[in-house]
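4 protein chains.
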Amino acid sequence: MVKVIVNGAKGRMGSEAVKAINNDDALQLVAECDFGDDLAALIKNSGAQVVVDLTAASAGFSNTQIILNAGACPVIGTSGFQVEQVEQLQALATEKQLGGLIAPNFSIGAVLMMKFSAEAAKYLPDAEVIEAHSPQKEESPSGTGIRTAELIAAARTKAPIECSDKELIEGARGAELHGVKLHSIRLPGVVAQQTVFFGGLSETLKIEHNSQHRESFMPGICLACKEVVKRNELVYGLEHLMD
Amino acid sequence: MVKVIVNGAKGRMGSEAVKAINNDDALQLVAECDFGDDLAALIKNSGAQVVVDLTAASAGFSNTQIILNAGACPVIGTSGFQVEQVEQLQALATEKQLGGLIAPNFSIGAVLMMKFSAEAAKYLPDAEVIEAHSPQKEESPSGTGIRTAELIAAARTKAPIECSDKELIEGARGAELHGVKLHSIRLPGVVAQQTVFFGGLSETLKIEHNSQHRESFMPGICLACKEVVKRNELVYGLEHLMD
Amino acid sequence: MVKVIVNGAKGRMGSEAVKAINNDDALQLVAECDFGDDLAALIKNSGAQVVVDLTAASAGFSNTQIILNAGACPVIGTSGFQVEQVEQLQALATEKQLGGLIAPNFSIGAVLMMKFSAEAAKYLPDAEVIEAHSPQKEESPSGTGIRTAELIAAARTKAPIECSDKELIEGARGAELHGVKLHSIRLPGVVAQQTVFFGGLSETLKIEHNSQHRESFMPGICLACKEVVKRNELVYGLEHLMD
Amino acid sequence: MVKVIVNGAKGRMGSEAVKAINNDDALQLVAECDFGDDLAALIKNSGAQVVVDLTAASAGFSNTQIILNAGACPVIGTSGFQVEQVEQLQALATEKQLGGLIAPNFSIGAVLMMKFSAEAAKYLPDAEVIEAHSPQKEESPSGTGIRTAELIAAARTKAPIECSDKELIEGARGAELHGVKLHSIRLPGVVAQQTVFFGGLSETLKIEHNSQHRESFMPGICLACKEVVKRNELVYGLEHLMD
Numbered sequence: 001m002v003k004v005i006v007n008g009a010k011g012r013m014g015s016e017a018v019k020a021i022n023n024d025d026a027l028q029l030v031a032e033c034d035f036g037d038d039l040a041a042l043i044k045n046s047g048a049q050v051v052v053d054l055t056a057a058s059a060g061f062s063n064t065q066i067i068l069n070a071g072a073c074p075v076i077g078t079s080g081f082q083v084e085q086v087e088q089l090q091a092l093a094t095e096k097q098l099g100g101l102i103a104p105n106f107s108i109g110a111v112l113m114m115k116f117s118a119e120a121a122k123y124l125p126d127a128e129v130i131e132a133h134s135p136q137k138e139e140s141p142s143g144t145g146i147r148t149a150e151l152i153a154a155a156r157t158k159a160p161i162e163c164s165d166k167e168l169i170e171g172a173r174g175a176e177l178h179g180v181k182l183h184s185i186r187l188p189g190v191v192a193q194q195t196v197f198f199g200g201l202s203e204t205l206k207i208e209h210n211s212q213h214r215e216s217f218m219p220g221i222c223l224a225c226k227e228v229v230k231r232n233e234l235v236y237g238l239e240h241l242m243d
Numbered sequence: 001m002v003k004v005i006v007n008g009a010k011g012r013m014g015s016e017a018v019k020a021i022n023n024d025d026a027l028q029l030v031a032e033c034d035f036g037d038d039l040a041a042l043i044k045n046s047g048a049q050v051v052v053d054l055t056a057a058s059a060g061f062s063n064t065q066i067i068l069n070a071g072a073c074p075v076i077g078t079s080g081f082q083v084e085q086v087e088q089l090q091a092l093a094t095e096k097q098l099g100g101l102i103a104p105n106f107s108i109g110a111v112l113m114m115k116f117s118a119e120a121a122k123y124l125p126d127a128e129v130i131e132a133h134s135p136q137k138e139e140s141p142s143g144t145g146i147r148t149a150e151l152i153a154a155a156r157t158k159a160p161i162e163c164s165d166k167e168l169i170e171g172a173r174g175a176e177l178h179g180v181k182l183h184s185i186r187l188p189g190v191v192a193q194q195t196v197f198f199g200g201l202s203e204t205l206k207i208e209h210n211s212q213h214r215e216s217f218m219p220g221i222c223l224a225c226k227e228v229v230k231r232n233e234l235v236y237g238l239e240h241l242m243d
Numbered sequence: 001m002v003k004v005i006v007n008g009a010k011g012r013m014g015s016e017a018v019k020a021i022n023n024d025d026a027l028q029l030v031a032e033c034d035f036g037d038d039l040a041a042l043i044k045n046s047g048a049q050v051v052v053d054l055t056a057a058s059a060g061f062s063n064t065q066i067i068l069n070a071g072a073c074p075v076i077g078t079s080g081f082q083v084e085q086v087e088q089l090q091a092l093a094t095e096k097q098l099g100g101l102i103a104p105n106f107s108i109g110a111v112l113m114m115k116f117s118a119e120a121a122k123y124l125p126d127a128e129v130i131e132a133h134s135p136q137k138e139e140s141p142s143g144t145g146i147r148t149a150e151l152i153a154a155a156r157t158k159a160p161i162e163c164s165d166k167e168l169i170e171g172a173r174g175a176e177l178h179g180v181k182l183h184s185i186r187l188p189g190v191v192a193q194q195t196v197f198f199g200g201l202s203e204t205l206k207i208e209h210n211s212q213h214r215e216s217f218m219p220g221i222c223l224a225c226k227e228v229v230k231r232n233e234l235v236y237g238l239e240h241l242m243d
Numbered sequence: 001m002v003k004v005i006v007n008g009a010k011g012r013m014g015s016e017a018v019k020a021i022n023n024d025d026a027l028q029l030v031a032e033c034d035f036g037d038d039l040a041a042l043i044k045n046s047g048a049q050v051v052v053d054l055t056a057a058s059a060g061f062s063n064t065q066i067i068l069n070a071g072a073c074p075v076i077g078t079s080g081f082q083v084e085q086v087e088q089l090q091a092l093a094t095e096k097q098l099g100g101l102i103a104p105n106f107s108i109g110a111v112l113m114m115k116f117s118a119e120a121a122k123y124l125p126d127a128e129v130i131e132a133h134s135p136q137k138e139e140s141p142s143g144t145g146i147r148t149a150e151l152i153a154a155a156r157t158k159a160p161i162e163c164s165d166k167e168l169i170e171g172a173r174g175a176e177l178h179g180v181k182l183h184s185i186r187l188p189g190v191v192a193q194q195t196v197f198f199g200g201l202s203e204t205l206k207i208e209h210n211s212q213h214r215e216s217f218m219p220g221i222c223l224a225c226k227e228v229v230k231r232n233e234l235v236y237g238l239e240h241l242m243d
């Protein structure tokens, strides 16, 4: 069994993670860590191999350093890392010969949706992203929507068809990022949905993900705990542990 | 059998209508009319009860007058009528005691989608319209999308939930008409689709129409031919002949 | 404000109803009733106008009698009534000049889906029902699926197109009820979904409902409480209070 | 430019292929072959590198032998090959050091749908296949549906959740192949659609393909013509030329 610490164990995500790790036969929860606890000491005393970090974004960088320096594999669920920070942490992991993961999204379904979208875009460059969330969501488009558009743009091998895009009402054609259109829907009754809509010659392909609860992140967190201990480098994005 | 003339019988829509009327046991095609023919004379000589007009938008108003004055019921498939024009034609039909129809959309599925959307909006005021067409379509949003948003706005009995609508990329939240958001997708492989997406408390309702060919207008045209002869007023919108 | 008692207030549905009624400005919760309490006495002492009954199916018939005899309007959320029982309760309500409702489904979205399906079937007789629930659901098809198929079959004005229905693997074409095909999907991550899929000439129409939580029944219960007090007959099905 | 012959050039699929190859700048149509023509002689005289065979299923095996023996790469669009026949042709291609393709489906969208379904099934073993075609289709489930179920079954690394599968009406839970449920919908207005529906913990993933016309096979045929000339083995399934 892989020995795991959850950092941020009392938070909404952290308490779900504690439950999920306790329910996974291949994982053993050796400690819960929260504000005020000495994470480095806990790692040493418990013999933890992996630390799942679900604390605030601001602490993500220094926590990852602490975990690696203490000899454990980090599984980091905070977003907002800068490219240079990720590179610095990757260098440290390689030096220590430790596996690790920084993941903006732990939902296996969402990660597959993004992976498949990138792959489809190689053959079907005409694609638009439609994401739906609750009206409480503050910003549009969603982070997952933006990430998906970036992946599609990077994977395209030919240009999409030109549209006239004459708008009778401003905004009808949505937002545009690297030539990919994004549309954000905000409605009650929706938690988190995204459809990636591809068009080809007399055919269409849709990839649609629907998440109803933060519980949907737990299988991805458990999978990551089992995978990082087999690796000796830190990767960005759960898809790199799913091959 | 109801006796019918098709005006504009050589056009793309007109030739489909000729075929559809010939295939309908309750309808008899008594004449085909095209550019250069005297429509009023044709009506009188053929004893037509109904004229289906599928000519250019510019001729719609005067053709409807000719048809009514010749004693036949008009079924008009051109768009772009002004409100005053419709009122004037309605007055003429009532005076002549003739039924008639002016319809921007003859697809039975699309008409049902609009009707149901208006009805749903009474109970579920939170709604957004997502329409998809081919990249060749010149303007966004589509006429059907705009009409649907107008119907939803008019049917709402309470205000939708407020959203922050802070856009990280301009246009993400789509176009807005009377407080209803509209999103236009343009992709190859799509002919004409529309989804009306309603959100409620822990539930959602979607009404989705998909049209693949102008052939989809024919059942609505045939239905109209059979209905207008039973009426003595001119209506705007096929839904008024479907109760 | 309409004065309401919740019967079965400690149950899963009942406790949600207590919360919802307390949050509705037009409703006043005057008592909670549970196993062992004297419902008739509670109605008299509290001056309740409406009783929402969310107890077990076996008690539904006698509870409705008690409520009507005590002079209140019943809003009954139990299923499994026999046709004769409903008729007997309707006669009693009419005699007492009281409004009432027995509803197998209080979700406004699901009720609209069924209503629209019946209406669409008048024009588009070719329809199939696809419902999805969690693997824990014991029986297939769902009650809502069966009710929808019955409504479609009753509303059709012409026969659907004949299919060959030759099955290479048994069951491929689903269940059949009154000439309507039903398909039941059982997957984790799904709570309760249903799509009614209509086909026409080169067009399709889909009506799709998605419910994520029993909370979705509350707006329908609150709507019923406000409507029954304006009526003097008992109806079966929430749609009869939504016009 | 790759030199191509179309065999079966006067058929419905063949005539579309002639058009598509003529419109592709990287391909040159050097001959059209039909019933009565000597294919081997045509290959030699024209210097063709690739032969696209869109003739009847019965001729597929011997045509592939002729093509390979004449030194060209076969792109075969007929179905119904036996496993032993494919193996025999693969041995011949390897001996001749020629690339080739036998493909039951040339639609790029459909191939991607199947590929993604197999990949998703590794992580999300709970999956059902829903396919829709016109009422004219003779057999259920479709060939693509069956192939998808086989791929899902082969890719699963753990067992799906057990369902009670008690059917109130026979057939509700659909057909079953290797533990994967299949549902076949037959409606007018549909050409060829398939949805693969995956369920996970509080999340779902859908992959949905929609084909409207045989034209949708042409990009796959053109892609194959360009790829087989770079290879020295014969593969079964277009996905093996898309990596």
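Here the protein sequences line up with chains A, B, C and D, keeping their order. For the first sequence, the UniProt record's numbering assigns the number 1 to the initial residue and increments by one for each residue that follows. For the second sequence, the UniProt record's numbering assigns the number 1 to the initial residue and increments by one for each residue that follows. For the third sequence, the UniProt record's numbering assigns the number 1 to the initial residue and increments by one for each residue that follows. For the fourth sequence, the UniProt record's numbering assigns the number 1 to the initial residue and increments by one for each residue that follows. Yeah, the Cβ is synthetic: ideal placement off N, Cα and C, and Gly gets one too. Keep in mind it's a predicted model, so treat the numbers as computed, not measured.
LEU68 (chain C) by DSSP, collapsed to three states: which one?
-> helix
What do you reckon, is the C-beta of GLN194 (chain D) under 7 Å from a heavy atom of the ligand ZN?
-> Of ligands this structure carries none, so the ligand ZN is not represented either.
At which residue ranges does the region 163-198 of chain D contain complete alpha helix (DSSP H) runs of 4 or more residues, listed in the order of the chain?
-> none
Would you report the Cα separation of THR148 (chain B) and ALA192 (chain D), rounded to the nearest angstrom?
-> In a straight line, the C-alpha of THR148 (chain B) is about 28 Å away from that of ALA192 (chain D).
Using 8 Å as the limit for Cβ to Cβ distance, is GLN212 (chain D) near chain E?
-> Note that chain E does not occur in the displayed structure, where the protein chains are A, B, C and D.
Using a Cβ-Cβ cut-off of 8 Å, state whether ARG156 (chain A) counts as contacting chain B.
-> Interface residue (Cβ-Cβ distance to chain B less than 8 Å): ARG156 (chain A) is not classified as such.
DSSP beta-bridge partners for GLN28 (chain D)?
-> D:LYS3
Sorted by chain position, which residues of the same chain lie with C-beta nearer than 6 Å to GLY143 (chain B)'s C-beta, five sequence neighbours on each side aside?
-> none
State whether the region 221-233 of chain A contacts the region 101-115 of chain A, with contact taken as three or more CB pairs (one from each stretch) at a distance under 8 Å.
-> yes
Determine the direct distance from the alpha carbon of LYS166 (chain A) to that of GLY145 (chain D), and round the result to whole angstroms.
-> Their backbone Cα atoms lie some 40 Å apart in a straight line.
What separation, rounded to the nearest whole angstrom, lies between the Cα atoms of ILE7 (chain D) and LYS226 (chain D)?
-> Just to set this straight, residue 7 (chain D) is Asn in the shown sequence, not Ile. The alpha-carbon atoms of ASN7 (chain D) and LYS226 (chain D) are separated by roughly 17 Å.
With a 10 Å radius around its C-beta and 16 neighbouring C-beta atoms as the bar for buried, classify HIS183 (chain B) as buried or exposed.
-> buried
GLU131 (chain C): buried (16+ other C-beta within 10 angstroms of its C-beta) or exposed?
-> It counts as buried.
For the candidate residues C:SER134, C:ALA127 and C:ALA9, whose alpha-carbon lies nearest to that of SER134 (chain D)?
-> C:ALA127
Closer than 8 Å, Cβ to Cβ, to anything on chain D: give me those residues from the region 87-102 of chain C, in chain order.
-> So nothing in the stretch comes that close.
Which residues, taken in chain order from the region 172-183 of chain B, show a beta carbon closer than 9 Å to some beta carbon of chain A?
-> ALA172, ARG173, GLY174, ALA175, GLU176, LEU177, LYS181, LEU182 and HIS183
Any C-beta of chain A sitting closer than 8 Å to the C-beta of PRO219 (chain D)?
-> Answer yes: the Cβ-Cβ gap between PRO219 (chain D) and chain A drops below 8 Å somewhere.
Taking one C-beta from the region 115-127 of chain D and one from the region 192-203 of chain D each time, how about it: are there three or more such pairs within less than 8 Å?
-> Contact between the region 115-127 of chain D and the region 192-203 of chain D is present, because at least three Cβ pairs lie under 8 Å.
Where do the ends of the alpha helix (DSSP H) carrying SER15 (chain C) lie?
-> 12-22
Proximity winner among C:ARG231, C:GLU215 and C:LEU234, relative to GLU16 (chain C) (alpha-carbon distances) | C:GLU215
Is ILE161 (chain D) buried or exposed, if buried means 16 or more other CB atoms sit within 10 Å of its CB?
-> exposed
Is GLU233 (chain D) helix, strand or coil when you go by DSSP?
-> coil
Could you work out which residues of chain C lie near SER202 (chain D), taking near to mean beta carbons separated by less than 9 Å?
-> Correct list: PRO188 and GLY189.
Under 9 Å from the C-beta of GLY199 (chain B): neighbouring residues of chain A | Simply ALA132, SER134, PRO135, ILE185, ARG186, LEU187, PRO188, GLY189 and VAL190.
Determine contact between the region 60-69 of chain C and the region 90-98 of chain C, defined as no fewer than three beta-carbon pairs at a distance below 8 Å.
-> yes
Are VAL2 (chain A) and VAL229 (chain A) close, meaning C-beta to C-beta below 8 Å?
-> yes
Assign THR148 (chain D) to one of three DSSP states: helix, strand, or coil.
-> helix
Exposed unless 16 or more other CB atoms sit within 10 angstroms - verdict on THR157 (chain C) | exposed
When we look at the beta-carbon of PHE81 (chain C) and count the other beta-carbons within 10 Å, is it buried (16 or more) or exposed?
-> PHE81 (chain C) counts as buried, since at least 16 other C-beta atoms from the protein chains shown sit within 10 angstroms of its C-beta.
Looking only at C-alpha atoms, which of A:ARG173, A:ILE169, A:LEU177 and A:GLY174 sits nearest to LEU177 (chain B)?
-> A:ILE169
At least one CB of chain B closer than 8 Å to the CB of GLU150 (chain C): is that the case?
-> no
Identify the residues that DSSP records as bridge partners of GLY200 (chain C): which are they?
-> C:GLU203
For the beta strand (DSSP E) that ILE102 (chain A) lies in, which residues bound it at each end?
-> Here the beta strand (DSSP E) through ILE102 (chain A) covers 100-102.
Three-state secondary structure assigned by DSSP to ASN210 (chain B) = strand
Could you please give the first and the last residue of the uninterrupted alpha helix (DSSP H) stretch that includes ALA121 (chain C)?
-> 108-123
Is PRO207 (chain B) near VAL180 (chain B), with beta carbons less than 8 Å apart?
-> The sequence shown places Ile at residue 207 (chain B), rather than the Pro named in the question. Contact flag unset, no.
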